[in-house]
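**Student:** My questions all concern the structure below.
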Amino acid sequence: MEIRKLVAGDEQVLGNVAPGVFDEPVRPDLARRFLATPTYRIFVALDGDLVVGMVTGFTHFHPDKDEEFFVNELGVDDDYRRRGIGEALLRAILAEAKAMGCPDAWLGTEQINAPALALYRKVMTGGDTEEAMSIFTYELTSR
Numbered sequence: 048m049e050i051r052k053l054v055a056g057d058e059q060v061l062g063n064v065a066p067g068v069f070d071e072p073v074r075p076d077l078a079r080r081f082l083a084t085p086t087y088r089i090f091v092a093l094d095g096d097l098v099v100g101m102v103t104g105f106t107h108f109h110p111d112k113d114e115e116f117f118v119n120e121l122g123v124d125d126d127y128r129r130r131g132i133g134e135a136l137l138r139a140i141l142a143e144a145k146a147m148g149c150p151d152a153w154l155g156t157e158q159i160n161a162p163a164l165a166l167y168r169k170v171m172t173g174g175d176t177e178e179a180m181s182i183f184t185y186e187l188t189s190r
């Protein structure tokens with residue numbers, strides 16, 4: 048198993064993805080745009096040339112806050128779970144965030160997602176906080 052950071056020009060790697068990794072099929076135009084965005088990161092887990100896991104994240108900041116890293120999404124194909132792939136991906140992107148100079152990183156998950164909670168509690172330790180959150184979505188295309 049190889050954990051690999053993708054960069055601009057690596058779009059073809061995302062052409063062979065196991066079914067459970069992303070929520071939707073990868074769109075080449077969006078993959079190109081994602082990889083070309085300087086503050087976005089993606090690491091993939093490869094079994095040969097098959098992407099069996101991924102983690103994405105990006106930096107952001109506010110006028111009153113330092114830059115921080117948001118871990119946006121982590122996915123591992125069902126057939127590859129419980130092998131340490133999610134942990135390896137998460138550790139890789141957190142190391143990348145640190146190398147980028149971000150003072151901290153954060154993520155969110157559903158309270159009912161026990162496997163994700165266990166992973167995040169294991170990896171993201173050391174004085175960090177766990178908070179309950181509410182998420183609201185607003186469909187912009189229908190208004």
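Start counting the sequence shown at 48; every next residue gets the next number (the working numbering). The C-beta atom is built at its ideal place from N, Cα and C for all residues, glycine as well. Just so you know, these numbers come straight off a predicted model, no measurement behind them.
1) Can you tell me whether Ile140 is buried or exposed? The criterion is at least 16 other CB atoms within 10 Å of its CB, across all chains shown.
2) Is Val118 buried or exposed, if buried means 16 or more other CB atoms sit within 10 Å of its CB?
3) With distance defined between alpha-carbon atoms, name the residue in Asp94, Arg79, Pro85 and Gly56 nearest to Val68.
4) How far does the alpha helix (DSSP H) with Asp76 in it reach, from first residue to last?
5) My output table needs one value for Ala135: the three-state DSSP class, helix, strand or coil.
6) Does the beta carbon of Ala55 sit closer than 8 Å to a beta carbon anywhere in chain D?
7) According to DSSP, is Glu157 part of a helix, a strand, or is it coil?
8) So, with DSSP's three-state summary, where would you put Val170?
9) Under the assumption that Phe90 contacts Arg51 (Cβ atoms under 8 Å), give the Cβ distance between them as a whole number of angstroms.
10) Work out the CA separation of Leu61 and Pro75 for me, nearest whole Å.
11) Flag this pair as yes or no: are the beta carbons of Leu121 and Val99 separated by less than 8 Å?
12) Using a 10 Å radius around the Cβ and a threshold of 16 neighbouring Cβ atoms, would you call Val54 buried or exposed?
13) Tell whether a beta-carbon distance below 8 Å holds between Ala78 and Glu58.
**Tutor:** Taking the coordinates as given:
1) In the sequence shown, residue 140 corresponds to position 93, counting from 1. If you draw a 10 Å sphere on the C-beta of Ile140, you find 16 or more other C-beta atoms in it, and that means buried.
2) Mapped onto the sequence shown, residue 118 falls at position 71. Its Cβ being crowded by 16 or more others within 10 Å, Val118 is buried.
3) The residue given as residue 68 occupies position 21 in the sequence shown. Comparing Cα positions, the closest option is Asp94.
4) To locate residue 76, count along the sequence shown from 1; it is residue 29. Its alpha helix (DSSP H) spans residues Pro75 to Ala83.
5) Residue 135 sits at position 88 when you count from the first residue of the sequence shown. Helix, per DSSP.
6) Chain labels in this structure do not include chain D; a single protein chain is all it has.
7) Counting from 1 along the sequence shown, the entry for residue 157 is found at position 110. Reduced to three states, the DSSP call for Glu157 is coil.
8) To locate residue 170, count along the sequence shown from 1; it is residue 123. Secondary structure of Val170 (DSSP, three-state): helix.
9) The count along the sequence shown starts at 1 and reaches residue 90 at position 43. The count along the sequence shown starts at 1 and reaches residue 51 at position 4. Going by Cβ atoms, the distance from Phe90 to Arg51 rounds to 7 Å, so yes, they are a contact pair.
10) For this step, residue 75 is matched to residue 28 along the sequence shown. For this step, residue 61 is matched to residue 14 along the sequence shown. Between Pro75 and Leu61, the C-alpha separation is close to 8 Å.
11) The residue you call residue 121 lines up with position 74 of the sequence shown. The residue you call residue 99 lines up with position 52 of the sequence shown. No, the Cβ-Cβ distance between Leu121 and Val99 is not below 8 Å.
12) Mapped onto the sequence shown, residue 54 falls at position 7. Around the beta carbon of Val54, a 10 Å sphere encloses fewer than 16 other beta carbons of the protein chains shown; the residue is thus reported as exposed.
13) As a working note, residue 78 is residue 31 in the sequence shown. As a working note, residue 58 is residue 11 in the sequence shown. Here Ala78 is near Glu58, since their CB atoms are less than 8 Å apart.
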